[in-house]
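First residue of the sequence shown: 108, per this note's numbering; consecutive thereafter. No residue lacks a Cβ here, since even glycine has one placed at the ideal position from N, Cα and C. Being a predicted model, the structure only gives us computed values, none of them experimental. Reviewing the structure listed below.
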Amino acid sequence: MIKKDMKTAIVTGAGRGMGRAIAIKLSEDGTTVIANDISADSAQETADLINSRGGMCVAKTGDVSDVSFVDSMVKQSVSEYGSVNILINNAGVLRPTGIIDISLSEWEFVIKGNLTTTFVCTKALIPIMAESSWGRIVNFS
108 MIKKDMKTAI
118 VTGAGRGMGR
128 AIAIKLSEDG
138 TTVIANDISA
148 DSAQETADLI
158 NSRGGMCVAK
168 TGDVSDVSFV
178 DSMVKQSVSE
188 YGSVNILINN
198 AGVLRPTGII
208 DISLSEWEFV
218 IKGNLTTTFV
228 CTKALIPIMA
238 ESSWGRIVNF
248 S
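This is the structure we're talking about:
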């Protein structure tokens, strides 16, 4: 296992709820956190909260279904922190529409927000984790 001060995590959907709670807990355990959210204000609130408690957190605003955004976020994070060892795939969307009433475009939006995001982030980080021979990926659905 690597030292606590060497752990860096990307938490998607970290702007509120479970994502924020996970980001806070990781920070309390000594992990540097990259708090991602599609809402700039929410991501920054999480980062400010963690930093005010003595943790290390930066906000990264963007859509994690966008390959170019994720690649840029990962590249910048590795450049700044040396590696990313932990990925928490927490970002997701919900459409409370029943199967009879949901449109194809709504369905595609949900698939993109819940599955594509996980795929894109995982694909970007597996080579980084493999290079350091250590990593953890947690997916929420």
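Confirm, please, whether the CB-CB distance from Val165 to Ile117 is below 8 Å.
Here residue 117 refers to the residue found at position 10 of the sequence shown. Here residue 165 refers to the residue found at position 58 of the sequence shown. In this structure, Val165 does not lie closer than 8 Å to Ile117 by Cβ.
Just confirm the distance between the C-beta atoms of Val140 and Val177, as a whole number of angstroms; I'd bet it's less than 8 Å.
On the sequence shown, position 33 is the one that residue 140 refers to. On the sequence shown, position 70 is the one that residue 177 refers to. Not really, about 17 Å apart at Cβ, beyond 8 Å.
Note down, one range per segment and in chain order, each alpha helix (DSSP H) of at least 4 residues found wholly within the region 156-209.
174-188
Check whether chain D comes within 8 Å of Gly161, counting only Cβ atoms and requiring the distance to be less than that.
Absence of chain D from the displayed structure is noted, only one protein chain being present.
Looking only at C-alpha atoms, which of Asn196, Val245, Lys167, Val174 sits nearest to Glu187?
Counting from 1 along the sequence shown, the entry for residue 187 is found at position 80. The shortest Cα separation from Glu187 among Asn196, Val245, Lys167, Val174 belongs to Lys167.
With DSSP run on the structure shown, which of helix, strand or coil describes Thr115?
For the purposes of this step, residue 115 is taken as the residue at position 8 of the sequence shown. Thr115: strand per DSSP, three-state reduction.
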